[in-house]
Amino acid sequence: MAYASTLSLRELRQDLHAHPESGWKEFRTTALIAAALDDREFTLHLGSDAVAEDERLGVPDDDAVAAAIERAREEGAPEAYLDRMDGVTGLVAEKRFGDGPTVGVRVDMDALERTESSDEEHRPAKLGFASTHPNEMHACGHDGHTAIGLGIARALDDDGGFDGTLRLFFQPAEEGGRGGKPMSETDLLADIDYFLALHLGLGNPTGTVIAAYENPLSNAKLDVTFEGAPSHAGNAPNEGRNALHAATAAVQNLYGIPRHADGATRINVGKFESPNPQNIIAEEARLRVEVRGGTADLNEYMLDKARRVLDHAAGMHDVSVETGLYGKTATFTADDEMIEAVLASAADLDDVTETVPRLDIGGSEDASYLIRRVQEHGGKATYVGIGASNEFGHHTSRFDIDEDALDIGVDVVCQTIRTL
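Residue numbers (full-length UniProt numbering): 1 to 420.
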């Protein structure tokens, strides 16, 4: 029996929390879940069969991927599934229970690149399941999402399923908007009749269910590199071409891009690096920039303006600039039929204390690409919120969830599938 098959949902969530893997490095997570679903005779699509490999965004370099695979192997990832992934994370697992509709469920698996709190009042540290990986932490609940995904498979399989096919999407690299688009570009979404994505927490107490989070901001993230020429800052500053100066000019003017009258627009520079001694004219500077828009057109407006600012900042200071798309998301609106099904299903559950029909999600979410792909092919979709009483905010070093929410998440999705 596979290791993950022996664990309760709480135990699995805590195991994954202690072994977080950031985007495109989720080898142990993918392999553990694949082995558990293989035990239940699900059909598995792994790696490049689960995502369009050439469409991936923000992929770590080869050395980082190789190190992640080796770490997963050392931490007990089943070798057979690591081999089948062939360097690409992601899993789609399906099982046919009857002749009815095909229902898809998407959960994300990746962790954030940040250090977890060691404060003795932080529950994972206190109970011994805090992150064991430097600068990696499950600070957004994806460990819980993954556990819920396996829990849905267990619950439906143990109960004889439903009259249809279940297809589970275990998505890599949600953080940064890097994995949704390549997962959406496989053929595995083309025949989905009903589709649910989900998220734990988001500031809601345990027992609250939001039938549809929707209208996220479209988003694009750019990695930017300015390249100049070095020289001694005291002896020959005129011989250098200052990449740092160009980057600072770019930052100032990026924030000066006019916001659009047609809707929400955002921009932020989240990272600025120029590893350079104080007495050398900087030859390189790097930025990570993100733009957002209430619609795809507004997002493109911000992206075009940002690229123009970057190009002209480079020209002002006689340096070159290169930009690469690190991640991207879209927007979506949930389908009324799905909202009604979730509300009706949640109302039948004793542990659900409040239901909310729909809320704007506010941020960005790359499940948008999967949802839109399903809708484009005539399917119905929604993005469900499961309250988890997270005292500390998402992406913070003390983020944690109420694990009672795991069973609620499983029950809401399974009941909705049966209703559909």
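All residues carry an ideal CB built from backbone N, CA and C; glycine is no exception.
Expected contact under 8 Å - CB spacing of residue i and residue j to nearest Å
{"i": "VAL65", "j": "LEU196", "result": "So it is not a contact: roughly 30 Å between Cβ atoms."}
{"i": "LEU200", "j": "ALA388", "result": "4 Å"}
{"i": "VAL224", "j": "VAL289", "result": "6 Å"}
{"i": "GLY363", "j": "LEU217", "result": "7 Å"}
{"i": "ARG40", "j": "VAL92", "result": "Not confirmed; about 15 Å, so no contact."}
{"i": "MET338", "j": "TYR213", "result": "Incorrect: roughly 12 Å between the Cβ atoms, too far for contact."}
{"i": "ASN135", "j": "THR165", "result": "The pair is not a contact, with the Cβ atoms about 39 Å apart (cut-off 8 Å)."}
{"i": "CYS140", "j": "PHE399", "result": "7 Å"}
{"i": "TYR81", "j": "ALA36", "result": "Between ALA36 and TYR81 the Cβ distance is about 10 Å, and since that is not below 8 Å, they are no contact."}
{"i": "ARG227", "j": "VAL105", "result": "It is worth fixing the name first, because residue 227 is Glu in this sequence and not Arg. Going by Cβ atoms, the distance from GLU227 to VAL105 rounds to 45 Å, so no, they are not a contact pair."}
{"i": "ARG13", "j": "LEU406", "result": "6 Å"}
{"i": "ARG358", "j": "ALA211", "result": "6 Å"}
{"i": "ALA111", "j": "SER22", "result": "5 Å"}
Span of the beta strand (DSSP E) around residue i
{"i": "ASP108", "result": "102-108"}
{"i": "LEU168", "result": "165-171"}
{"i": "HIS199", "result": "194-200"}
{"i": "VAL352", "result": "That residue, VAL352, is in no beta strand (DSSP E); it is neither H nor E in DSSP."}
{"i": "LEU91", "result": "91-96"}
{"i": "ILE210", "result": "208-210"}
Residues of its chain near residue i, where Cβ-Cβ distance is below 6 Å and the 5 sequence neighbours each way are ignored
{"i": "HIS145", "result": "VAL107, ASP108"}
{"i": "ARG373", "result": "SER184, LEU189"}
{"i": "GLY151", "result": "LEU9, VAL410"}
{"i": "THR208", "result": "GLU354, GLY387"}
{"i": "ARG84", "result": "LEU46"}
{"i": "ALA285", "result": "PHE226, ALA243, LEU244, ALA247, SER274"}
Residue i burial status per 10 Å Cβ neighbour count (16 or more: buried)
{"i": "LEU127", "result": "exposed"}
{"i": "THR132", "result": "exposed"}
{"i": "GLU55", "result": "exposed"}
{"i": "LYS271", "result": "exposed"}
{"i": "MET183", "result": "buried"}
{"i": "GLY256", "result": "exposed"}
{"i": "THR329", "result": "buried"}
{"i": "SER118", "result": "exposed"}
{"i": "HIS395", "result": "exposed"}
{"i": "ASN242", "result": "buried"}
{"i": "GLU79", "result": "exposed"}
{"i": "HIS377", "result": "exposed"}
{"i": "HIS45", "result": "buried"}
{"i": "GLY324", "result": "exposed"}
{"i": "PRO275", "result": "exposed"}
{"i": "PRO172", "result": "buried"}
{"i": "ASP304", "result": "exposed"}
{"i": "GLU239", "result": "exposed"}
{"i": "ALA236", "result": "exposed"}
{"i": "ASP143", "result": "buried"}
Close-in-space but distant-in-sequence residues of the same chain around residue i (CB under 7 Å, 5 per side omitted)
{"i": "ALA77", "result": "PHE27, ARG28, ALA31, LEU32"}
{"i": "HIS260", "result": "LEU298, TYR301"}
{"i": "ASN253", "result": "VAL309, ALA313"}
{"i": "ASP402", "result": "THR206, ALA388, SER389"}
{"i": "VAL59", "result": "TRP24"}
{"i": "ALA155", "result": "VAL410, CYS414"}
{"i": "ASP15", "result": "LEU7"}
{"i": "ALA233", "result": "ASN279, ILE280, ILE281"}
{"i": "GLU75", "result": "HIS19, ARG28"}
Cut-off 8 Å between Cβ atoms - residues of its own chain near residue i, not counting five sequence neighbours on either side
{"i": "ASN215", "result": "GLY294, THR331, PHE332, THR333, ASP360, ILE361"}
{"i": "ILE267", "result": "LEU254, TYR255, ILE257, VAL289, GLU290, VAL291, ARG292, MET302, ALA306"}
{"i": "ALA249", "result": "ALA313, MET316, HIS317"}
N- and C-terminal bounds of the alpha helix (DSSP H) containing residue i
{"i": "ALA405", "result": "404-419"}
{"i": "ILE148", "result": "142-158"}
{"i": "LEU82", "result": "79-85"}
{"i": "SER131", "result": "It is not in any alpha helix (DSSP H) - SER131 carries neither H nor E in the DSSP assignment."}
{"i": "PRO182", "result": "180-184"}
Short CB-CB distance (under 9 Å) between residue i and chain B
{"i": "SER320", "result": "Structure shown: chain B not included; a single protein chain is present."}
Handout entry: Secondary structure, beta strand (DSSP E): runs of 3+ residues fully inside the region 9-62
Key = Secondary structure in the region 9-62: the beta strand (DSSP E) runs of 3 residues or longer, each lying completely within the stretch, are 43-46 in chain order.
Practice task
Pick out the complete beta strand (DSSP E) segments inside the UniProt domain "Peptidase M20 dimerisation" (220-312), 3 residues or longer, and give them in chain order.
Solution key: Runs found: 265-273, 284-293.
Handout entry: Unbroken stretches of the beta strand (DSSP E), 3 residues or longer, contained in the region 308-339
Key = Qualifying beta strand (DSSP E) stretches, in chain order: 320-329.
Practice task
Could I get the ranges of all uninterrupted alpha helix (DSSP H) runs contained in the region 355-384, with 4 residues as the minimum, in chain order?
Solution key: DSSP runs (the alpha helix (DSSP H)) wholly in the region 355-384: 367-376.
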